[in-house]
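In the numbering used here, the protein residues as written are 25 to 167. Working notes, beginning with the structure itself.
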């Protein structure tokens with residue numbers, strides 16, 4: 025269960041995964057309850073074969089170091105916004121409304137360490153944009 029407020033999408037108190045926050049200009053934009061994909065197998069599977077995802081949920085892909093990344097939507101039926109961030113958690117690119125089942129490659133950039141997938145349309149709705157940053161204990165640098 026999730027709801028929208030002036031502060032953004034707030035994950036309910038029953039988050040069974042990790043909670044991350046997104047800030048822009050020092051202001052909280054959103055909280056999400058995310059599954060972590062931090063090894064090769066988890067990153068390869070991602071959100072494939074899922075039928076639905078709660079409004080406040082998502083998946084955060086964590087890489088050991090900044091690198092070039094590309095995503096696709098093969099076997100993914102949920103339309104997504106894909107948010108790419110550098111090693112400091114600063115959002116460098118947002119691909120909005122990725123089409124379900126598409127095999128078109130979505131290039132995220134060269135120095136990406138974190139990728140957040142959320143329900144399509146939420147980035148725009150919540151005011152998440154490039155320059156915003158992700159706050160989580162895995163993000164090494166404090167913003």
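C-beta: ideal position from N, C-alpha, C; glycine also. A quick note: this is a predicted structure, and the numbers were derived from the prediction, not measured.
DSSP places residue 69 inside the alpha helix (DSSP H), whose first and last residues are 64-69.
Taking residue 62 as reference, the option from 146, 143, 157, 139 with the minimal CA-CA separation is 139. Closest in C-alpha terms to residue 120, from the list 87, 97, 88, comes 97.
Beta-carbon to beta-carbon, residue 103 and residue 124 are separated by about 6 Å, close enough to satisfy the 8 Å threshold. Of the other Cβ atoms in all chains shown, 16 or more fall within 10 Å of the Cβ of residue 53; this residue is therefore buried.
For residue 147, the enclosing alpha helix (DSSP H) starts and ends at 146-150.
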